[in-house]
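A.B. asks:
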Amino acid sequence: MALPLPPVAPATVWRLTADPSSTTFGNGVTIPFFRYNTNGTRRGALPFAQATEGSSLTVLVTNNLPHAFRPEIVGVATGPLIRPGTSASFSFNMPPAGTYLLSADGGKTAPAPGNFGAAHISRPTNGLSGTLVSRPSSGAQVLYDGGPAYDREYVLLYDDADDRRNALQGSLGSIPRQPYEANYFTLNGMGFPDIAGDTDSVVAAGLGERVLLRLGNLGRTRQCIHFHGFHADTATRDNLPEIHWGEKDTIPVPTRTTTDVLFTANQLGTYPLHPHNVQAVTADGAYPFGQLTLIVVS
Ligand SMILES: [Cu+2]
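In terms of the working numbering, the sequence shown opens at residue 516 and continues consecutively.
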């Protein structure tokens, strides 16, 4: 049974707020995060926008956080430093058709006297994330003009957190004393089993359909996403065509990059789709939570 793709109007202005928030995980623990919010479209809990390659897009951000930060579209444009309680915008022309990440440049934490290493620790941005899709100028339902066609698409944005860091979020003077060790893992801003109840984050397809997965990673963990039941063809890595790999069941998605993959839903059933690192399928070690989702073919 084929469902229509949800219509999303092309954006000319992407209005966002950055707000203190929290996420509750499958082990019952609630962790503070910072999140972008929008009155517009989301994928899961996270903002989503799309516009045609080459068109002008303005990103307007209101900062409700306790510290200043710069919004950024990774590899495309970085906005101005936005102080707490103020708004600012930045504009750019949409990059070539593909999948891009909305994030934040946390800036460098001012070093404490005598603590030379601290200057290299970015202030945590703790979950400020979203996805921006650039559509091909032809208007065709293809990843990019001349690239692969598809019947339906999903955005799967992976991120991770060290709850000790999140506990410090917004406290300007605090510098983490321990190395970053991810122990909470989100997909589209949620953990399993909330993921399984989200229609944007469960990969539902009709038998025989060609499915595009726009995989992104804003965590510090290098992810390798593993398919049960299907092999997937990597179309692009960071929006550059991937021409050497064959079909694979495990596909890398390095930090702050995107990987666009396609598979054919050629058998009925329900199949797990998850990072191959089992830690990422836990909530602080409790299994199975974290970044687990499902492919459901009916
Ligand atoms: Cu598995």
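Note that CB positions come from ideal geometry on N, CA and C, so glycine has one too.
What you are looking at is a predicted structure, and each value in this text was computed from that prediction instead of being measured.
For F605 and A619, I'd like the C-alpha separation in whole angstroms.
C.D. replies: Reading the sequence shown from its first residue, position 90 is the one you call residue 605. Reading the sequence shown from its first residue, position 104 is the one you call residue 619. Rounded to the nearest angstrom, the two C-alpha atoms are 13 Å apart.
A.B. asks: What separation, rounded to the nearest whole angstrom, lies between the Cα atoms of T751 and G704?
C.D. replies: Here the question's residue 751 lines up with position 236 in the sequence shown. Here the question's residue 704 lines up with position 189 in the sequence shown. Approximately 23 Å between the Cα atoms of the pair.
A.B. asks: Helix, strand or coil: which one does DSSP assign to N732?
C.D. replies: Residue mapping note: residue 732 aligns to position 217 of the sequence shown, counting from 1. Note: N732 maps to strand in three-state DSSP.
A.B. asks: Is the stretch 667 to 681 touching the stretch 730 to 746, taking contact as three or more C-beta pairs under 8 Å?
C.D. replies: Yes, since at least three Cβ pairs between the stretch 667 to 681 and the stretch 730 to 746 fall closer than 8 Å, the two stretches touch.
A.B. asks: Quick check on DSSP: helix, strand or coil for D775?
C.D. replies: Counting from 1 along the sequence shown, the entry for residue 775 is found at position 260. D775: strand per DSSP, three-state reduction.
A.B. asks: Which of the three DSSP states, helix, strand or coil, is assigned to A780?
C.D. replies: On the sequence shown, position 265 is the one that residue 780 refers to. DSSP places A780 in coil when its eight states are reduced to three.
A.B. asks: State yes or no: is the C-beta of P562 nearer than 7 Å to some heavy atom of ligand 1?
C.D. replies: Within the sequence shown, residue 562 is the residue found at index 47, counting from 1. Answer for P562: no, Cβ out of range of ligand 1.
A.B. asks: Report yes if the C-beta of P708 is less than 7 Å from at least one heavy atom of ligand 3; otherwise report no.
C.D. replies: Ligand 3 is not part of the structure shown, which contains ligand 1 as its ligands.
A.B. asks: Is the separation between the beta-carbon of S646 and that of L617 shorter than 8 Å?
C.D. replies: Locating residue 646 in the sequence shown gives position 131, counting from the first residue. Locating residue 617 in the sequence shown gives position 102, counting from the first residue. Residue 646 is actually Thr in this sequence, not Ser. In contact: T646 and L617 (Cβ atoms closer than 8 Å).
A.B. asks: If you check the beta carbons only, do P611 and E568 fall under 8 Å apart?
C.D. replies: Residue 611 sits at position 96 when you count from the first residue of the sequence shown. Residue 568 sits at position 53 when you count from the first residue of the sequence shown. In this structure, E568 lies closer than 8 Å to P611 by Cβ.
A.B. asks: Under 8 Å, do L807 and V796 count as touching if we go by C-beta distance?
C.D. replies: Within the sequence shown, numbered from 1, the residue matching residue 807 stands at position 292. Within the sequence shown, numbered from 1, the residue matching residue 796 stands at position 281. Yes, Cβ-Cβ distance for L807 and V796 is below 8 Å.
A.B. asks: Name the DSSP bridge partner or partners of Q833?
C.D. replies: Nothing about residue 833 can be reported from this structure: the residues present for the chain run from 516 to 813 only.
A.B. asks: Can you determine whether any heavy atom of ligand 1 sits closer than 7 Å to the C-beta of H743, and answer yes or no?
C.D. replies: To locate residue 743, count along the sequence shown from 1; it is residue 228. The answer is yes for H743.
A.B. asks: Less than 8 Å between CB atoms is the rule here; does Y673 satisfy it with respect to chain E?
C.D. replies: Absent from the structure is chain E; it holds one protein chain and no more.
A.B. asks: Answer yes or no: the CB of P651 versus the heavy atoms of ligand 1, is any distance below 7 Å?
C.D. replies: By one-based count along the sequence shown, residue 651 stands at place 136. It does not: the Cβ of P651 is nowhere closer than 7 Å to a heavy atom of ligand 1.
A.B. asks: Classify R585 as helix, strand or coil using the three-state DSSP reduction.
C.D. replies: Counting from one through the sequence shown, the residue named residue 585 turns up at place 70. Three-state result, R585: strand.
A.B. asks: Would you kindly report the start and end of the unbroken beta strand (DSSP E) that includes R667?
C.D. replies: The count along the sequence shown starts at 1 and reaches residue 667 at position 152. Taken as a continuous stretch (DSSP letters only), the beta strand (DSSP E) holding R667 covers 667 to 676.
A.B. asks: Between the Cα of D764 and those of Y786, P756, R771, spot the shortest distance and give me the residue it belongs to.
C.D. replies: One-based indexing of the sequence shown puts residue 764 at position 249. Checked all of Y786, P756, R771; the closest Cα to D764 is Y786.
A.B. asks: Between which residues of its own chain and F631 is the CB-CB distance below 8 Å, once the five residues before and five after are set aside?
C.D. replies: Start at 1 with the first residue of the sequence shown, and residue 631 comes out as number 116. Per-residue confidence for F631 stands at a pLDDT of 42, beneath the threshold of 50, marking its modelled position as unreliable; the derived number appears in the next sentence. None.
A.B. asks: With distance defined between alpha-carbon atoms, name the residue in A583, G543, I546, S571 nearest to T532.
C.D. replies: As a working note, residue 532 is residue 17 in the sequence shown. The shortest Cα separation from T532 among A583, G543, I546, S571 belongs to A583.
A.B. asks: Can you give me the C-alpha to C-alpha distance between G541 and G661, rounded to a whole angstrom?
C.D. replies: Taking the sequence shown and counting its residues from 1, the one referred to as residue 541 is at position 26. Taking the sequence shown and counting its residues from 1, the one referred to as residue 661 is at position 146. So the two alpha carbons sit approximately 42 Å from each other.
A.B. asks: Does the distance between the C-beta of H746 and the nearest non-hydrogen atom of ligand 1 fall short of 7 Å?
C.D. replies: Looking up residue 746 in the sequence shown gives position 231. Incorrect: H746 has no Cβ contact closer than 7 Å to ligand 1.
A.B. asks: What three-state label does DSSP hand G800 in the structure shown?
C.D. replies: For the purposes of this step, residue 800 is identified with residue 285 of the sequence shown, where counting begins at 1. Looking at G800 - three-state DSSP - the assignment turns out to be coil, as it is neither helix nor strand.
A.B. asks: Out of curiosity, what's the CA-to-CA distance linking S813 and A566?
C.D. replies: Counting from one through the sequence shown, the residue named residue 813 turns up at place 298. Counting from one through the sequence shown, the residue named residue 566 turns up at place 51. Answer to the nearest angstrom: the Cα atoms are 31 Å apart.
A.B. asks: Does the beta carbon of P787 fall short of 7 Å from some heavy atom of ligand 1?
C.D. replies: Numbered from 1 along the sequence shown, position 272 holds the residue referred to as residue 787. True, at least one ligand heavy atom lies under 7 Å from that Cβ.
A.B. asks: Using 8 Å as the threshold, is the C-beta distance between Y695 and R735 below it?
C.D. replies: Position 180 of the sequence shown, counted from the first residue, corresponds to residue 695. Position 220 of the sequence shown, counted from the first residue, corresponds to residue 735. Contact flag set, yes.
A.B. asks: When burial is assigned at 16 or more other CB atoms within 10 Å of the CB, is S716 buried or exposed?
C.D. replies: The residue labelled residue 716 in the question sits at position 201 within the sequence shown. Its Cβ being crowded by 16 or more others within 10 Å, S716 is buried.
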